[in-house]
Amino acid sequence: MTAQQHAEPVKTIDNLRRETDAPAASTADLITTLFTFMDEDRKSTALKALQGIIWRDGYLNGDFTGHLYPTYCRRWRNGKRRVLIRMYIPQVPVAAQKLLFGYSDEGDITHLFTGYFDTPVGQT
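Sequential numbering of the sequence shown, starting at 1, is according to the UniProt record's numbering.
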């Protein structure tokens with residue numbers, strides 16, 4: 001791992017310390033905070049950023065793939081029109097949607113979609 005690869009998570013952890021007003025928080029404290037945020041479904045900028053880093057690196061490294069039902073993929077592939085992703089995965093950032101469909105267990109199917117819907121922002 002390069003210094004640049006470390007820079008983004010380190011910056012995000014620093015942002016978490018600022019977000020929680022705990023500049024001296026230990027790693028254990030921050031982990032507890034993140035689990036609490038997830039349990040409470042808290043809308044935390046730092047948590048979302050860390051999740052995005054984990055998703056991106058996991059998909060790019062082949063650690064996991066997006067699970068899609070083959071029946072739907074066949075329908076999408078055989079369809080004559082493109083699909084606009086809307087309510088399939090609410091509250092999931094567009095970047096995560098692109099990873100899910102770009103690294104799915106059915107291969108890259110991003111070309112089947114005309115756009116993505118960002119529910120927090122309300123834009124396609």
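We put the beta carbon where it would ideally sit given N, CA and C, even for glycine.
- In this structure, the alpha-carbon of Thr-12 lies about 33 Å from that of Leu-112.
- Beta-bridge partners of Gly-58 (DSSP): none assigned.
- Using a Cβ-Cβ distance cut-off of 8 Å, the segment 54–66 and the segment 12–31 are not in contact, since fewer than three pairs of beta carbons, one from each stretch, lie closer than that value.
- In this structure, Ile-109 sits near Cys-73, with a CB-CB distance shorter than 8 Å.
- Taking a 10 Å sphere around the C-beta of Tyr-59, we find 16 or more other C-beta atoms and assign the residue as buried.
- Where Gly-102 is concerned, the enclosing alpha helix (DSSP H) starts and stops at 94–102.
- Per DSSP, the continuous alpha helix (DSSP H) segment holding Asp-39 begins and ends at 27–40.
- For Val-92, the number of other beta carbons within 10 angstroms of its own is at least 16, and it is reported as buried.
- At a Cβ-Cβ threshold of 8 Å, Ala-46 and Leu-68 do not count as neighbours.
- Around the beta carbon of Thr-33, 16 or more other beta carbons sit within 10 angstroms, so the residue counts as buried.
- Relative to the Cα of Gln-97, the nearest Cα in the group Asn-78, Gly-52, Glu-40 and Arg-75 belongs to Gly-52.
- Sixteen is the threshold: since fewer than 16 other Cβ atoms of the shown chains lie within 10 Å of the Cβ of Phe-35, the residue is exposed.
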